[in-house]
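Comments concern the structure below.
Numbering (full-length UniProt numbering), first residue to last: 1 to 259.
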């Protein structure tokens with residue numbers, strides 16, 4: 001949801017907001033009210049670089065905690081032998097995935113980046129989780145890089161793929177077409193950071209983000225590939241009032257292989 005305006009009246013329990021110049025009202029304790037407030041949180045969080053304030057086992061992770069808790073639900077459900085992630089940055093997410101796999105007693109992580117900066121490589125390689133991590137430096141959409149990844153995976157292994165490298169529609173489409181071949185039936189390939197589509201006018205946002213984003217790539221890919229479906233994973237536990245997972249940087253991200 002891309003808000004124009006929002007007003008929260010906690011005293012009377014109301015949320016008044018505008019989307020595309022249309023006015024809406026909801027109660028604070030409703031799913032709709034939560035969605036509106038969550039959308040405001042995402043925008044102010046982006047403006048203030050909120051995701052740059054978290055680490056995992058000592059490494060910066062640069063992700064929303066909500067997204068990381070949800071992705072571990074997927075990992076635990078699928079129980080992969082291999083997690084492939086494009087985009088390494090400081091290595092926090094690789095460490096996170098490796099720690100979950102170690103707790104589960106199986107699996108390893110392959111991290112790919114066009115540039116792994118020397119200080120980040122040293123920190124990752126010296127980390128206690130590194131024995132479950134393989135680093136590959138190269139363009140994640142380049143044929144040579146993709147072949148290196150494929151060489152690390154056995155045909156019988158169960159694989160999930162997380163795309164967090166360059167977030168243009170063209171690049172993500174190339175990654176989806178290449179790495180989807182590795183994804184096991186009933187597993188996922190996740191096109192991260194589609195929040196870009198709702199950030200028009202925000203700091204650090206480009207003018208073309210309304211269409212040039214991972215959401216558009218995911219939609220086009222699934223329209224052309226009947227073996228894959230845009231599908232949010234089920235919620236394994238919920239005793240609250242919220243049925244929509246909207247507090248996320250990854251809208252329209254989860255692509256499940258159905259066949």
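Yeah, the Cβ is synthetic: ideal placement off N, Cα and C, and Gly gets one too.
Residue i versus residue j - alpha carbon distance
| i | j | result |
| --- | --- | --- |
| residue 158 | residue 233 | 17 Å |
| residue 193 | residue 259 | 26 Å |
| residue 96 | residue 18 | 38 Å |
| residue 111 | residue 121 | 11 Å |
| residue 76 | residue 188 | 12 Å |
| residue 151 | residue 175 | 17 Å |
| residue 11 | residue 229 | 42 Å |
| residue 165 | residue 114 | 8 Å |
| residue 171 | residue 141 | 7 Å |
Proximity to residue i [Cα-Cα], best of the options
| i | options | result |
| --- | --- | --- |
| residue 245 | 35, 73, 219 and 95 | 35 |
| residue 4 | 11, 60 and 23 | 23 |
| residue 138 | 128, 129 and 149 | 149 |
| residue 236 | 65, 16 and 73 | 73 |
| residue 135 | 218, 98, 53 and 102 | 98 |
| residue 248 | 56, 49, 65 and 10 | 65 |
| residue 87 | 195, 226, 161 and 241 | 161 |
| residue 48 | 231, 207, 256 and 202 | 202 |
Residue i: first and last residue of the uninterrupted beta strand (DSSP E) it sits in
| i | result |
| --- | --- |
| residue 25 | 22–27 |
| residue 5 | 5–9 |
| residue 149 | Taken as a continuous stretch (DSSP letters only), residue 149 belongs to no beta strand (DSSP E), being part of the alpha helix (DSSP H) at 143–151. |
Which of helix, strand or coil DSSP assigns to residue i
| i | result |
| --- | --- |
| residue 89 | coil |
| residue 127 | coil |
| residue 183 | coil |
Per DSSP, the bridge partner or partners of residue i
| i | result |
| --- | --- |
| residue 109 | 83 and 133 |
| residue 60 | 55 |
| residue 227 | Its beta-bridge partners do not exist; DSSP assigns none. |
| residue 18 | 5 and 23 |
| residue 189 | 161 and 255 |
Residue i, enclosing alpha helix (DSSP H) - first and last residue
| i | result |
| --- | --- |
| residue 178 | 169–179 |
| residue 42 | 31–47 |
| residue 77 | 65–78 |
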